[in-house]
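Chemist: The following block contains the structure, expressed as structure tokens.
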Amino acid sequence: MDTLDSSLYLSNDDLHLLGNGNWYRSHEKLGAHPAVAEDGTKGYHFAVWAPHVQSVAVVGDFNDWNETAFYLNPASSGDVWEGFVPGVKAGQLYKYLLVSHSGEKIYKADPYAFFSELPPGTASITCDLAGYAWKDASYMAERAERPMLKSPLNIFEVHLGSWKRHGDEPQGEPREDGTWPGPGDPFPAQRGTHYTYDDLSKELVAYAKKMGYSHIEVMPLSEHPFDGSWGYQSTGYFAPTSRYGNPKQLMHFIDACHKAGIGVIMDWVPGGFCADSHGLAKFNGEMLYEHEIHPNWGTHKFDFSRGQVRSFLVSNALYWVETYHIDGIRMDGVSSMLYMNFGIDDPGQKRFNKYGTEEALDASAFIRQTNSAMGQLHPDVMMIAEESTAWPLVTYPPSDGGLGFHFKWDMGWMNDTLHYMQTDFPWRPGNHRMLTFSSMYQFNENFILPLSHDEVVNGKCSLITRMPGDQWRQFAGLRALAFYQMTHPGGKLNFMGNEIGQYIEWRYYEGIEYFLTEYDTHRNEQVFIEALNKFYKKNPALWQRGYESSGFEWLDADNSDQSIISFIRRGDDPKDDLVILINFDINPREDFRLGVPEWGVYAEKFNSDAAEYGGSGVVNEGRLRCEEVGWNGRAQSVVVRIPPLGGIVLQKVATQARPKAKGAAAVKHKVTAKKAAAKAEKPATTTTKAAKTAAKATPVAEKTSAAAKSEPAAAQKANTPASAKKAPAKPAAPETKPAAAKEPAKAKAAAAAKPAKKSATVKKTVKASAKTK
2 MDTLDSSLYL
12 SNDDLHLLGN
22 GNWYRSHEKL
32 GAHPAVAEDG
42 TKGYHFAVWA
52 PHVQSVAVVG
62 DFNDWNETAF
72 YLNPASSGDV
82 WEGFVPGVKA
92 GQLYKYLLVS
102 HSGEKIYKAD
112 PYAFFSELPP
122 GTASITCDLA
132 GYAWKDASYM
142 AERAERPMLK
152 SPLNIFEVHL
162 GSWKRHGDEP
172 QGEPREDGTW
182 PGPGDPFPAQ
192 RGTHYTYDDL
202 SKELVAYAKK
212 MGYSHIEVMP
222 LSEHPFDGSW
232 GYQSTGYFAP
242 TSRYGNPKQL
252 MHFIDACHKA
262 GIGVIMDWVP
272 GGFCADSHGL
282 AKFNGEMLYE
292 HEIHPNWGTH
302 KFDFSRGQVR
312 SFLVSNALYW
322 VETYHIDGIR
332 MDGVSSMLYM
342 NFGIDDPGQK
352 RFNKYGTEEA
362 LDASAFIRQT
372 NSAMGQLHPD
382 VMMIAEESTA
392 WPLVTYPPSD
402 GGLGFHFKWD
412 MGWMNDTLHY
422 MQTDFPWRPG
432 NHRMLTFSSM
442 YQFNENFILP
452 LSHDEVVNGK
462 CSLITRMPGD
472 QWRQFAGLRA
482 LAFYQMTHPG
492 GKLNFMGNEI
502 GQYIEWRYYE
512 GIEYFLTEYD
522 THRNEQVFIE
532 ALNKFYKKNP
542 ALWQRGYESS
552 GFEWLDADNS
562 DQSIISFIRR
572 GDDPKDDLVI
582 LINFDINPRE
592 DFRLGVPEWG
602 VYAEKFNSDA
612 AEYGGSGVVN
622 EGRLRCEEVG
632 WNGRAQSVVV
642 RIPPLGGIVL
652 QKVATQARPK
662 AKGAAAVKHK
672 VTAKKAAAKA
682 EKPATTTTKA
692 AKTAAKATPV
702 AEKTSAAAKS
712 EPAAAQKANT
722 PASAKKAPAK
732 PAAPETKPAA
742 AKEPAKAKAA
752 AAAKPAKKSA
762 TVKKTVKASA
772 KTK
């Protein structure tokens, strides 16, 4: 049914809500909308916020860009200009022509346009969004019931323009010497042509489903003029980029994702916009949407003190969720919004708020407002913060002083882990705390562990080229990194190309080098990631309590000499519990004793060193039976093989009768076992002494020979020879595929894993997400 033009004029209530920042449906009247006049004439209704100007006209294809053909009329208040233009149809180009207060003529794209001209064109396009028949009702109903913090979250981050491309021929005109700009040039030539939304609906969706990801996160979809901004400097916040098709084709892509059971998260950039003259910058001839220029990026920072700007942005977030069925929004650059002095190094230029702090009060209030609005209207939509500082309570409700996000990227984990992984093997023991420090704060927020596009671009190198050693060790290191990320508490995010071990950095102007999977090393890596993703999804212990301290417990955080860590992951059902061990050293270990949480029979459920993944095949076959040897603070232990640069997952698979002890030995054993079990059953909300020790980089003291004699006879088998107490100056193994060799290992004090006092930073049990879902 056609919309009457008379119903699209802003009421006094609309203008009031727009001005005070609470009109969350401003896109339903502002912008260009198909309408019909009282006499039945069809056309479009136009409305734009443009204070302090002399006039506003609409120019476009429909009037041969005549500057005086269609003037808009000012509303009664609110500095909004609106009017009906007969004869306008969907798909026609248009702009607003503003005459500023000083008499300057300014051509601007529509801030609320639903579609835009393909760059380098800069006009808006009239568009009717009605009529798409969504087929994702069952997915949306399931999403509404899904417990957000008790569900798998494994994100595949994608730049739609460079995941894959049609061909790789350079586009545009060559230089005078016949070559095209490439890496290192400021404007490299595009290679090949973009996939469309329809192409992506088939190939990307099928690939993500096959690989076992739960979500696809797309880098900004909003229209942007410069490909090299990757979408983070927008001109059209309500217009999906036309590079890949039209709005209904984007709806089809998201529909296809939902049909495959894959959620879609969108990067959203409310911090600022590009300076291009046809966009929001100095919209009426002076700063209107913005209040200052970003000192690092040159972007225009939104003025959150203006109600009209807040209405624009909150409406925009809700628009993407309601119109395109987006499942989550990752708010980009939150730190740059929160801090008044972000990017300012000169102390003389620093500013402070009325309380004497650096908090940008209008920005933090806007963030809380956006998250609160989304939580009230769409509590099943994820709100994710890219926040890189120690700002407190990011994932706590605004009512508790928090920002109201559901999740936060853990940039600390990413930086520490990548620094450790690029450390050569002899020096890893000295950097061991970088692996374990995250356990000191991992439940303070609801964290996502990101290995994003930012880590494989701008000279940072690809993930695999950060790994030390020859090619075998690099791929083994890459597998160990992925294994550590997947078994660590929190959500997961990986950028496209990480899953195949691409050597070059990401290039936005060409596709990922998936042809590399024709080679065994890269194909094996892809097979490994697929298997790891599916293992993660299948095992609730890896995600059911991924944001609760009860879901994680250290076994040994302090084995820096061997570069080994071990821990337990727990789900709601104890039978789902998993025992994790990761070796970040190049040497395999035979006859390695590992404490386990319960008496019984264990089996290896996953091994990153399996031959089918390109590993050396140091695996644990068959059943692993418990022995009555206390280890890692447990009353029982198993003996396992440890792969080089790899990880294993054990799980209890059967019961086992305990051997009966006799006489005084039985009483002594019973007491010892009770004490060990009591320690193991202490609440997981405590932070282990081992983790604190690791965080301070305090080396573990060697057990004296006298102490070793006090261990049960079976425990005296060492986990490391005495000659290996210090890291060698060079790797012990050659730069080739390692072979497992039997080697006794050093006895470690069980006291190292003894639970300590409760952490002073124990997280509240009620979070923003707990209230919404």
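Position one of the sequence shown corresponds to residue 2 (the working numbering), numbered consecutively onward.
Ideal Cβ positions, reconstructed from N, Cα and C, are used throughout, including at glycine.
Near Glu506, which residues of its chain fall below 6 angstroms by C-beta distance, leaving aside the five closest residues on each side in sequence?
Modeler: Within the sequence shown, residue 506 is the residue found at index 505, counting from 1. The answer, listed in chain order, is Val457, Val458, Ser463.
Chemist: Does the distance from the C-beta atom of Phe476 to that of Gly498 stay below 9 angstroms?
Modeler: Taking the first residue of the sequence shown as position 1, residue 476 is located at position 475. Taking the first residue of the sequence shown as position 1, residue 498 is located at position 497. In this structure, Gly498 does not lie closer than 9 angstroms to Phe476 by Cβ.
Chemist: Considering only C-alpha positions, which residue in the set Trp544, Gly431, Gly470 is nearest to Gln778?
Modeler: The chain is shown only over 2 to 774; residue 778 falls outside these bounds and no answer can be derived.
Chemist: At 3 residues or longer, and completely inside the stretch 470-539: list those beta strand (DSSP E) runs for me, N to C.
Modeler: List check, beta strand (DSSP E) in window: 492-496.
Chemist: Using the C-alpha atoms, what's the distance from Ala124 back to Ile569?
Modeler: Your numbering for residue 569 matches position 568 in the sequence shown. Your numbering for residue 124 matches position 123 in the sequence shown. Straight-line Cα distance between these residues: approximately 57 angstroms.
Chemist: Would the beta-carbon of Phe85 fall within 9 angstroms of that of Ala145?
Modeler: Taking the sequence shown and counting its residues from 1, the one referred to as residue 85 is at position 84. Taking the sequence shown and counting its residues from 1, the one referred to as residue 145 is at position 144. No, Cβ-Cβ distance for Phe85 and Ala145 is not below 9 angstroms.
Chemist: Which partner residues does Gln652 have in the DSSP bridge list?
Modeler: Residue 652 sits at position 651 when you count from the first residue of the sequence shown. Answer is Ala604, bridged to Gln652.
Chemist: Would you mind working out which of Thr42, His46, Ser373, Trp473 sits nearest Glu29, comparing C-alpha positions?
Modeler: By one-based count along the sequence shown, residue 29 stands at place 28. When each option's Cα is compared against that of Glu29, the closest is His46.
Chemist: Between which residues of its own chain and Gly334 is the CB-CB distance below 6 angstroms, once the five residues before and five after are set aside?
Modeler: As a working mapping, residue 334 is identified with position 333 in the sequence shown. The answer, listed in chain order, is Gly272.
Chemist: With Glu591 as the anchor, note down where its beta strand (DSSP E) starts and where it stops.
Modeler: Along the sequence shown, read from residue 1 onward, the residue named residue 591 stands at position 590. Run containing Glu591: 590-597, per the beta strand (DSSP E) assignment.
Chemist: Leaving out five residues on either side along the sequence, give the residues of the same chain with a beta carbon under 8 angstroms from the beta carbon of Phe853.
Modeler: Nothing in the structure corresponds to residue 853, since the chain is present only between 2 and 774.
Chemist: Are Ala276 and Thr242 close, meaning C-beta to C-beta below 9 angstroms?
Modeler: Taking the first residue of the sequence shown as position 1, residue 276 is located at position 275. Taking the first residue of the sequence shown as position 1, residue 242 is located at position 241. Against a cut-off of 9 angstroms, the Cβ pair of Thr242 and Ala276 comes out as no contact.
Chemist: With DSSP as the reference, identify every bridge partner of His301, one or two as the case may be.
Modeler: For this step, residue 301 is matched to residue 300 along the sequence shown. The partner list for His301 (beta bridge, DSSP) reads Phe274, Ile294.
Chemist: Output needed for Lys210: all residues of its chain with C-beta closer than 8 angstroms, excluding positions within five of it in sequence on either side, in chain order.
Modeler: For the purposes of this step, residue 210 is taken as residue 209 along the sequence shown, with counting starting at 1. Cβ neighbours of Lys210 beyond the five flanking positions: Ala261, Gly262, Ile263.
Chemist: With DSSP as the reference, label Tyr614 as helix, strand or coil.
Modeler: The residue you call residue 614 lines up with position 613 of the sequence shown. Tyr614: helix per DSSP, three-state reduction.
Chemist: Alpha carbon to alpha carbon, what distance is there between Ile327 and Leu314?
Modeler: As a first step, residue 314 must be located in the sequence shown, where it is residue number 313. As a first step, residue 327 must be located in the sequence shown, where it is residue number 326. Looking at the two C-alpha atoms, the distance is approximately 16 angstroms.
Chemist: Less than 9 angstroms between the beta carbons of Arg311 and Gln370, yes or no?
Modeler: Taking the first residue of the sequence shown as position 1, residue 311 is located at position 310. Taking the first residue of the sequence shown as position 1, residue 370 is located at position 369. Yes, these two residues count as a Cβ contact at 9 angstroms.
Chemist: Below 9 angstroms between beta carbons: does that hold for Gly618 and Asp610?
Modeler: Here the question's residue 618 lines up with position 617 in the sequence shown. Here the question's residue 610 lines up with position 609 in the sequence shown. Yes; because the gap between Cβ atoms is below 9 angstroms, this pair is in contact.
Chemist: Once the 5 residues before and after Pro296 are set aside, which same chain residues still bring their CB inside 6 angstroms of it?
Modeler: Here residue 296 refers to the residue found at position 295 of the sequence shown. So the qualifying residues of the chain are Gly344, Ile345.
Chemist: Decide if Leu646 is buried, meaning its Cβ has at least 16 other Cβ atoms within 10 Å, or exposed.
Modeler: Numbered from 1 along the sequence shown, position 645 holds the residue referred to as residue 646. Leu646 should be labelled buried.
Chemist: Suppose the cutoff is 7 angstroms on Cβ atoms and the five residues either side in sequence are ignored; what does the same chain contact list for Ala685 look like?
Modeler: Numbered from its first residue, the sequence shown carries residue 685 at position 684. Note that Ala685 scores a pLDDT of 41, beneath 50, so its modelled location is shaky; the value from the coordinates is reported in the next line. Answer for Ala685: Ser550, Ser551, Phe553, Glu554, listed in chain order.
Chemist: Which same chain residues end up closer than 7 angstroms to Leu479 when comparing Cβ atoms and leaving out the 5 residues on each side of it in sequence?
Modeler: What you label residue 479 is simply residue 478 of the sequence shown in a count that begins at 1. Around Leu479: Leu464, Ile465, Met468, Gly502, Glu526.
Chemist: Which residue marks the beginning of the beta strand (DSSP E) containing Phe34, and which one marks its end?
Modeler: To locate residue 34, count along the sequence shown from 1; it is residue 33. In the sequence as displayed, the identity of residue 34 is His instead of Phe. That run of the beta strand (DSSP E) goes 32-37.
Chemist: Thinking Thr236 and His195 are a contact (beta carbons under 8 angstroms), I'd like their distance in whole angstroms, please.
Modeler: Sequence index remark: in the sequence shown, residue 236 carries index 235 (1-based). Sequence index remark: in the sequence shown, residue 195 carries index 194 (1-based). So it is not a contact: roughly 18 angstroms between Cβ atoms.
Chemist: At which residues does the alpha helix (DSSP H) containing Ala142 begin and terminate?
Modeler: In the sequence shown, the residue the question calls residue 142 occupies position 141. 138-146 is the span of the alpha helix (DSSP H), which, as asked, contains Ala142.
Chemist: Would you be able to state if there are at least three C-beta pairs under 8 angstroms between the stretch 238-254 and the stretch 282-298?
Modeler: Output reads no: the stretch 238-254 does not touch the stretch 282-298.
Chemist: Give the secondary structure of Trp410 by DSSP, where H, G and I count as helix, E and B as strand, and everything else as coil.
Modeler: Residue numbering aside, residue 410 sits at position 409 when the sequence shown is read from its first letter. It is a strand residue.
Chemist: Can you pull the DSSP bridge partners for His195?
Modeler: For the purposes of this step, residue 195 is taken as residue 194 along the sequence shown, with counting starting at 1. Looking at the DSSP assignment, His195 forms a beta bridge with Arg166.
Chemist: Trp24: buried (16+ other C-beta within 10 angstroms of its C-beta) or exposed?
Modeler: Within the sequence shown, the letter at position 23 stands for residue 24. It is buried - the Cβ of Trp24 has at least 16 other Cβ atoms within 10 Å.
Chemist: Can you check the stretch 555-590 for any beta strand (DSSP E) of at least 3 residues that lies completely inside it and give the ranges in chain order?
Modeler: Correct list: 565-570, 579-584.
Chemist: Do you know how far the Cα of Leu517 is from the Cα of Val528?
Modeler: Along the sequence shown, one-based indexing puts residue 528 at 527. Along the sequence shown, one-based indexing puts residue 517 at 516. Those two C-alpha atoms are separated by around 13 angstroms.
Chemist: Hey, how far is the Cα of Asp80 from the Cα of Ser103?
Modeler: Locating residue 80 in the sequence shown gives position 79, where the first residue counts as 1. Locating residue 103 in the sequence shown gives position 102, where the first residue counts as 1. Those two C-alpha atoms are separated by around 17 angstroms.
Chemist: Nearest to Trp135 by alpha carbon, out of Gln250, Pro52, Val270, Ser77?
Modeler: Walking along the sequence shown from the start, residue 135 turns up at place 134. Comparing Cα positions, the closest option is Gln250.
Chemist: When you compare the CB of Lys109 with every CB in chain D, is at least one pair closer than 9 angstroms?
Modeler: Given the protein chain composition of this structure (a single chain), no chain D is represented.
Chemist: State the Cα-Cα distance for the pair Thr694 and Val650, rounded to the nearest angstrom.
Modeler: Within the sequence shown, the letter at position 693 stands for residue 694. Within the sequence shown, the letter at position 649 stands for residue 650. Because the pLDDT of Thr694 is 39, which lies under 50, any placement of that residue in the model is unreliable, and the number read from its coordinates should be weighed accordingly. About 24 angstroms.
Chemist: Is any heavy atom of the ligand NAD found at a distance shorter than 8 angstroms from the C-beta of Lys249?
Modeler: Absence of the ligand NAD from the depicted structure is noted, as is the absence of any ligand whatsoever, leaving it without description.
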